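Notes follow the structure.
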Amino acid sequence: MLSKYHWWRDAVIYQVYVRSFLDSTGDGIGDLAGVRTGLPYLKKLGVDGIWLSPFYPSPQHDHGYDVADYCGVDPLFGDLAEFDRLMAAARRLGIKVLLDIVPNHCSGEHPWFAEALAAGPGSPARARFHFADGRGPGGDEPPNNWHAMFGGPAWTRVTEADGEPGQWYLHMFTPEQPDWNWRNPEIPAEFDRVLRFWLDRGVDGFRIDVAAGLYKHPALPDSDDPEADARTRDSVNPLAWNQPEVHEVWRHWRSVCEEYTTRDGRERLLVGEVSVPTAREHARYVRPDELHQAFFFDLLSAPWDADAFRKVVSEAMQDIAGTGSTVTWVLNNHDQVRTVTRYGEPAPEGSGIGAARARAAALLMLALPGAAYIYQGEELGLPEVVDLPDDVLTDPIFRRTGSRARVRDGCRVPLPWSGQASPFGFTSGVESARPWLPQPDYFAEYATDRALADTRSFWHLYRDGLQLRAALPQLGEGTLRWLDSPPGVLAFVRGDDLVCAVNFGTAPTPAPVSGTPLLSSGPCPPGVLPGSTAAWWISDGTAL
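Here it is, written out as structure tokens:
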């Protein structure tokens, strides 16, 4: 029988970056067996589910987001039998499992792309991708002026079977990631098969990479402002993103999920990575027959400012929650500078302001109506590793641009679990085993064993927040009401009596509610809200 409760509407999902979570084999790379070993830790933390980064067969040019086989497991991470064991363990613990699916592009080593290269111009195999003749004398110039998201032109020229320079193919990220042509009916049919393969193995849904992509303008015209397209990793080229046809894909995928839900009563979730300019455009992706949810990145990108946060939250509640969906809040993920470091800039190193703000932001996010996603290591307060040597950087952005400005390796360093020196329990190998990215010595301060033993740690703040969120009917799904508050303070009510307030300034202010808070991100005396602090209270309602 189909349950009327929609688990995803207020779920808290933990993002597992598989290669950096826990290594069971001693090769320095995290794997699915490591994830399975870590499930009791996540159950204790109190999350509702996990989102697994890609573990499919891949040459790993973009750490698995270049997929060579959508229905397998790369030997780096295990095999399908291990995936099934992970699913069974998660089911026993009541933890939902979401897979990361990458429908915009594949690997240059995908069999269909190899077939396209061999088949030549005009072939059905090339029609699965975006192949086009070049411009200028001899076709030496790319078909248009689009830039790739990770630097350089969005086109690469191939050498044909006769050894001569030939057509160009489109890749909005790297040359190793050719974009699929979703106007070819073979592509939606193939992804229908992929969805069903994993749904048949019991997964609870999918996080969809580049969900505003897929379709490109059919004429592939020049961009009006290619330099703007090149300045950001966000999806700003309107000719390559947010095309109207993409919504038909999500309507079909939603129908597939609902087919399975009708069959066994378990709701499957589709949550999209949707990078669009406004909350109103974002809302179009979460209409009742499309994606269940889409990440709302505006909170992540907002400056540490009360007015900016209030504007972001208000727009999301108006435009997204108004569709019948719930807002999906995020403060970090595998592509962003870690929260502690991001909120600490430009304060002097060692000030602790970044950690204080990150703790406050965590309580704010967990108090907002809707769902929340936590990136692994945020519950430990891990900072960004900013001093990785050039020779260990693996991010294709660095290889494509030569710049460290937007490199993502610093948030992907393997987690510290125990001990005083690397590998900090991350790998089960010998002491000399080296994680795939080096861990700094100071990671000892953030190891999970130390965090669990210290009741003042980030971990306990997250755990306590998650426990209260699950226990209090005022939290989770619902609405909020803003309270009048002093400049630099954000305060709102959930339900009739739960108050959350955040002091974005550095000086203490009067608390909006008398008495001792239920939970606070730092020391919070009765009647006072210190700077860079968030707190939750239950009010008697007299001042609300």
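Under the working numbering, read the sequence shown as residues 47 to 590, first letter to last.
By construction, the Cβ of each residue, glycine as well, lies at the ideal position given by its N, Cα and C atoms.
For clarity, every value in this text was computed on a predicted model and none was experimentally measured.
In whole angstroms, give me the CA-to-CA distance for residue 140 and residue 81.
The residue given as residue 140 occupies position 94 in the sequence shown. The residue given as residue 81 occupies position 35 in the sequence shown. Cα to Cα, residue 140 sits roughly 15 Å from residue 81.
Could you tell me the boundaries of the beta strand (DSSP E) in which residue 251 lies?
By 1-based counting over the sequence shown, the position of residue 251 is 205. From DSSP, the beta strand (DSSP E) with residue 251 extends over 251-254.
Sequence-distant residues of its chain with Cβ nearer than 6 Å to residue 572 (five each side left out)
Taking the first residue of the sequence shown as 1, we reach residue 572 at position 526. If we look at residue 572 and ignore the five residues flanking it on each side, its Cβ neighbours are 561, 562.
Bridge-paired residues (DSSP) for residue 538
For the purposes of this step, residue 538 is taken as residue 492 along the sequence shown, with counting starting at 1. According to DSSP, residue 538 bridges with 528, 546.
Residue 471 versus 52, 66, 391, residue with shortest Cα-Cα distance
Here residue 471 corresponds to residue number 425 of the sequence shown, with the count starting at 1. Among 52, 66, 391, the Cα nearest to that of residue 471 belongs to 66.
Which partner residues of residue 342 appear in the DSSP bridge assignment?
Locating residue 342 in the sequence shown gives position 296, where the first residue counts as 1. Beta-bridge pairing links residue 342 to 375.
Opposite residue 8 in the DSSP bridges: which residues?
With the chain covering only 47 through 590, there is no way to say anything about residue 8.
Would you mind stating whether residue 373 and residue 415 have Cβ atoms separated by less than 8 Å?
For the purposes of this step, residue 373 is identified with residue 327 of the sequence shown, where counting begins at 1. For the purposes of this step, residue 415 is identified with residue 369 of the sequence shown, where counting begins at 1. Yes, the Cβ-Cβ distance between residue 373 and residue 415 is below 8 Å.
Could you please give the first and the last residue of the uninterrupted alpha helix (DSSP H) stretch that includes residue 146?
Position 100 of the sequence shown, counting from 1, holds the residue named residue 146. Here residue 146 belongs to no alpha helix (DSSP H); instead the beta strand (DSSP E) covers 142-147.
Taking residue 218 as the reference, give the member of 302, 322, 185, 194 with the closest Cα.
Position 172 of the sequence shown, counted from the start, is the residue given in the question as residue 218. Answer by Cα proximity: 194.
Spatial distance of residue 168 from residue 181 (CA atoms):
Your numbering for residue 168 matches position 122 in the sequence shown. Your numbering for residue 181 matches position 135 in the sequence shown. In a straight line, the C-alpha of residue 168 is about 17 Å away from that of residue 181.
Do residue 559 and residue 531 have their C-beta atoms closer together than 8 Å?
By 1-based counting over the sequence shown, the position of residue 559 is 513. By 1-based counting over the sequence shown, the position of residue 531 is 485. Contact flag unset, no.
For residue 95, does the three-state DSSP call read helix, strand or coil?
Position 49 of the sequence shown, counted from the start, is the residue given in the question as residue 95. Residue 95: strand per DSSP, three-state reduction.
Any idea if residue 77 is buried or exposed, counting beta-carbon neighbours within 10 angstroms, 16 or more meaning buried?
Along the sequence shown, one-based indexing puts residue 77 at 31. It counts as buried.
Integer-rounded CB distance, given that residue 224 should sit under 8 Å from residue 152
Against the sequence shown, residue 152 aligns to sequence position 106. Against the sequence shown, residue 224 aligns to sequence position 178. Indeed, because the Cβ distance is near 6 Å, the residues count as touching under 8 Å.
Mind checking residue 210: buried by the 16 CB within 10 Å criterion, or exposed?
The count along the sequence shown starts at 1 and reaches residue 210 at position 164. Residue 210 should be labelled exposed.
How is residue 66 classed by DSSP in three states: helix, strand or coil?
For the purposes of this step, residue 66 is identified with residue 20 of the sequence shown, where counting begins at 1. In this structure, residue 66 counts as helix in the three-state DSSP scheme.
If you drop the 5 nearest sequence neighbours on each side, which residues of the same chain put their C-beta closer than 6 Å to that of residue 221?
Looking up residue 221 in the sequence shown gives position 175. Cβ within range, chain order: 202.
Taking the alpha carbon of residue 74 as the reference point, which residue from 365, 422, 567, 482 has its own alpha carbon closest?
Taking the sequence shown and counting its residues from 1, one reaches residue 74 at position 28. Checking every option, the nearest Cα to that of residue 74 belongs to 482.
Closer than 8 Å is the cut-off here; do at least three beta carbon pairs connect the region 534-551 with the region 351-365?
yes
When 411, 493, 198, 93 are compared against residue 342, the one with the closest alpha-carbon
As a working mapping, residue 342 is identified with position 296 in the sequence shown. With distances taken between Cα atoms, residue 342 lies closest to 411.
Roughly how many angstroms separate the alpha carbons of residue 570 and residue 479, rounded to a whole number?
Translated into positions along the sequence shown, residue 570 becomes position 524. Translated into positions along the sequence shown, residue 479 becomes position 433. Distance between the alpha carbons of residue 570 and residue 479: 43 Å.
Buried versus exposed, by CB contacts within 10 Å (16 or more), residue 55
Residue 55 sits at position 9 when you count from the first residue of the sequence shown. Residue 55 comes out buried.
Sorted by chain position, which residues of the same chain lie with C-beta nearer than 8 Å to residue 327's C-beta, five sequence neighbours on each side aside?
Mapped onto the sequence shown, residue 327 falls at position 281. Correct list, in chain order: 288.
Could I get the ranges of all uninterrupted alpha helix (DSSP H) runs contained in the region 479-511, with 4 residues as the minimum, in chain order?
494-499
Taking the beta carbon of residue 290 as the centre, do at least 16 other beta carbons fall within 10 Å, making it buried, or is it exposed?
For this step, residue 290 is matched to residue 244 along the sequence shown. Counting Cβ neighbours within 10 Å, residue 290 comes out exposed, since fewer than 16 surround it.
On the three-state DSSP scale, how would you describe residue 219?
Numbered from its first residue, the sequence shown carries residue 219 at position 173. Three-state result, residue 219: coil.
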